[in-house]
Amino acid sequence: VSGLHRLGTPRRATVHAGPGGVPTTVGRTRVEAVNEDWVVEDRWWTGRPLRRRYFELVMVDGRNVVVFLDLVSGRWFSQRG
Amino acid sequence: MVICVLLARFALVAALGERRALLAEPVALAPEAGGPQIVGEVSAAAEAFGVQAGMRLGEALARCPGLRLVPPDPDGVRSLWSELLDRLERIGASVESDRAGQAFFEAAGLTGIHGGNLEGVLASTRRTLAGRDLGGAGRGARIGVAPSRFSAYAAALRARPRRAAEIVSAGAVRAFLAPLPVRLMRSRPELATLPETLERLGILTLGELAQLPAPAMAERFGHPGLLALDLARGRDTPLQPRRPAEPVVERLALPEAASGPQLEHALVLLIARLLARPERRGRSMRSLTLSARFVEGGTWRAPVTLRQASADPDRLRIVLTPKLSELPAPAESIAVEVEAFGPPAREQARLLDERGSVESRRERIGEAVRQARQAAGSDAALRVLAIDPDSRLPERRAVLAPFPAELSDGEERRR
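Read top to bottom, the protein sequences are chains A and B. Sequential numbering from 1 applies to the first sequence in this note's numbering. Sequential numbering from 82 applies to the second sequence in this note's numbering.
What follows is the structure, encoded as structure tokens:
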């Protein structure tokens with residue numbers, strides 16, 4: 001719709017994942033703890049299915065960051081909830 | 082080169098404390114209070130009876146009726162292990178350790194200050210671990226040296242306690258790993274189940290695994306498969322040394338019958354004392370650990386990471402209180418320790434309540450919107466429009482929509 005800007009659109013992120021695919025750094029900031037992780041599968045009935053593995057992370061600098069791995073393209077994105 | 086220091090049965094040794102001589106007899110760590118009824122680490126004498134760590138208590142006692150059970154002491158393990166790591170750091174090592182009894186560090190930066198060669202570093206490591214003040218806890222260390230974390234671990238397993246370190250050069254690492262069983266990868270939590278699958282497929286050694294093509298491993302096992310392949314080929318992820326700890330602990334001895342409300346009061350007091358500690362330097366708290374020492378012996382720890390770092394006593398109390406109900410036995414003391422600090426606390430209460438200011442605030446907002454739109458066009462003021470607030474996908478929940486003129490002047494005033 002013209003004139004509307006979506007909020008919380010995913011942005012490409014540089015994420016280094018450690019063992020088990022769990023992020024260890026986002027950009028240059030280290031991850032302190034993983035609060036939660038979950039998988040979202042949607043639009044599986046369409047030609048463009050959506051599969052994401054989300055992580056809610058606590059960074060060493062105190063920020064809370066949500067990133068996800070697009071399981072279709074294998075790319076990492078950050079997202080604001 | 083990576084140096085691996087392995088101390089077998091470290092949790093048992095730490096729990097025995099002064100009674101370390103009991104290691105010569107069949108002893109095992111008792112099941113953790115409130116946890117599953119399985120024994121923890123066991124002595125070599127108990128192993129001779131067929132008792133193994135992780136075995137159900139009933140079976141362990143059936144195999145070895147004379148088995149002595151020692152209450153686990155996670156607090157003691159942590160402090161003794163952190164003392165050992167501190168000592169290693171004192172010789173200049175940047176130590177990585179995810180598990181008590183296992184430490185890794187790079188030798189590269191240390192040779193210059195320990196005689197110019199690897200032997201000098203190893204001698205210093207041995208000396209520092211054998212310190213008398215540790216009660217001999219570090220004397221039985223096995224030391225392995227190899228180009229990566231995993232190969233150093235494998236080398237340390239082959240080394241004998243108190244003897245020379247097992248050293249594997251970069252050129253020989255694949256040949257060294259080749260005959261070793263894939264089971265060895267169980268030491269990595271992320272690969273705990275992979276060896277069983279590999280064995281079922283007939284891949285029994287790391288050498289056989291190393292010959293498999295990477296795309297096939299990736300397709301069949303995903304990321305863990307590629308990691309396993311790297312390990313088998315003598316590579317590993319870089320070490321992640323621990324950050325120096327800043328131990329800030331507050332402990333409170335409890336009267337004998339301390340229960341629900343009394344424990345909560347004790348917790349409030351501990352939080353207040355923790356917040357008053359000068360080491361905090363105004364910082365908020367990111368991660369805390371509630372621990373207890375039981376009347377009957379043994380200890381218990383419950384770590385808590387806050388969603389948002391805080392220095393608000395009420396918020397800390399709300400987060401920690403539910404953990405009190407998990408206390409599995411009567412405690413003689415409880416403690417709260419700061420595991421990690423967050424950024425400086427900026428949450429401040431308002432000095433004065435702005436009563437009666439709602440109307441004036443609306444007027445100010447309306448005026449600000451009008452001025453912003455005059456200066457920068459209609460897109461200067463947008464409003465958040467909830468479309469599908471319960472969507473699982475954040476980008477579908479809301480959009481920014483232009484602020485219609487009648488809303489900025491009218492609706493906004495009505496709100």
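Where a beta carbon is used, it is the ideal one built from N, C-alpha and C, also for glycine.
Item                                                                                                                                   : Value
Bridge-paired residues (DSSP) for residue 54 of chain A                                                                                : A:38 and A:68
Meets three-Cβ-pair contact criterion under 8 Å: the region 159 to 175 of chain B and the region 188 to 203 of chain B                 : yes
Interface partners of residue 19 of chain A on chain B, CB under 9 Å                                                                   : 269, 270, 271, 272, 304, 305, 308 and 318
Assigned secondary structure, residue 262 of chain B (DSSP; H/G/I helix, E/B strand, else coil)                                        : strand
Nearest neighbour of residue 322 of chain B, chosen from B:443, B:141, B:374 and B:230 [CA to CA]                                      : B:230
Local conformation of residue 496 of chain B per DSSP, three classes                                                                   : The pLDDT assigned to residue 496 of chain B is 39, lower than 50, so where the model puts this residue is not dependable; a value taken from the coordinates is nonetheless given after this. DSSP places residue 496 of chain B in coil when its eight states are reduced to three.
Local Cβ density within 10 Å of residue 347 of chain B, reported as buried at 16 or more and exposed below that                        : buried
Beta-carbon proximity check, residue 306 of chain B vs residue 298 of chain B, cutoff 7 Å                                              : yes
Interface residues of chain A facing residue 83 of chain B [CB-CB closer than 7 Å]                                                     : Near residue 83 of chain B there are no residues of chain A at all, since even the closest Cβ is about 16 Å away, more than 7 Å.
Segments assigned beta strand (DSSP E), at least 3 residues, entirely inside the region 95 to 162 of chain B                           : 108 to 110 and 149 to 151
Sequence-distant residues of its chain with Cβ nearer than 6 Å to residue 496 of chain B (five each side left out)                     : No answer about residue 496 of chain B holds up, because its pLDDT of 39 lies below 50 and its placement is not dependable.
Residue 309 of chain B - DSSP class collapsed to helix/strand/coil                                                                     : helix
Residues that residue 14 of chain A contacts on chain B, provided the C-beta gap is smaller than 7 Å                                   : Under the 7 Å cutoff, chain B gives no residues; its nearest Cβ is about 16 Å from residue 14 of chain A.
Contact list for the region 349 to 383 of chain B against chain E, Cβ threshold 9 Å                                                    : No chain E is present in this structure, whose protein chains are A and B.
Straight-line gap, residue 136 of chain B to residue 125 of chain B (C-alpha atoms, nearest Å)                                         : 15 Å
CB of residue 23 of chain A within 7 Å of CB of residue 271 of chain B, strictly                                                       : no
Pairwise C-alpha distance: residue 67 of chain A and residue 12 of chain A                                                             : 9 Å
Selection from B:414, B:369 and B:207 that minimises the alpha carbon distance to residue 333 of chain B                               : B:414
Cβ distance (whole Å) where residue 93 of chain B is taken to contact residue 132 of chain B below 8 Å                                 : Contact doesn't hold; Cβ gap of about 12 Å is too wide.
Whole-number beta carbon distance between residue 416 of chain B and residue 327 of chain B, since they are thought to touch under 8 Å : With 8 Å as the limit, residue 327 of chain B and residue 416 of chain B do not qualify as a contact, their Cβ atoms being about 16 Å apart.
Within-7 Å CB hit, residue 8 of chain A to chain B                                                                                     : yes
Residue 166 of chain B classed as buried or exposed, judged by whether at least 16 other C-beta atoms fall within 10 angstroms         : buried
Within 7 Å of chain B by C-beta, residues of the region 47 to 58 of chain A in sequence order                                          : 58
Residue-chain proximity (residue 72 of chain A, chain B), Cβ-Cβ < 7 Å                                                                  : no
Beta-carbon proximity of residue 412 of chain B to residue 114 of chain B, cut-off 7 Å                                                 : no
Cβ-Cβ distance between residue 39 of chain A and residue 48 of chain A below 7 Å                                                       : no
Residue 161 of chain B classed as buried or exposed, judged by whether at least 16 other C-beta atoms fall within 10 angstroms         : buried
Cα-Cα separation between residue 243 of chain B and residue 182 of chain B, rounded to whole angstroms                                 : 15 Å
Residue 353 of chain B to residue 87 of chain B span [Cα, whole Å]                                                                     : 40 Å
Beta-carbon spacing of residue 247 of chain B, residue 219 of chain B below 7 Å                                                        : no
C-beta contact flag for residue 146 of chain B and residue 127 of chain B at 7 Å                                                       : no
Pair within 7 Å by beta-carbon distance, residue 154 of chain B and residue 380 of chain B                                             : yes
Below-7 Å beta-carbon distance, residue 62 of chain A vs any chain B residue                                                           : yes
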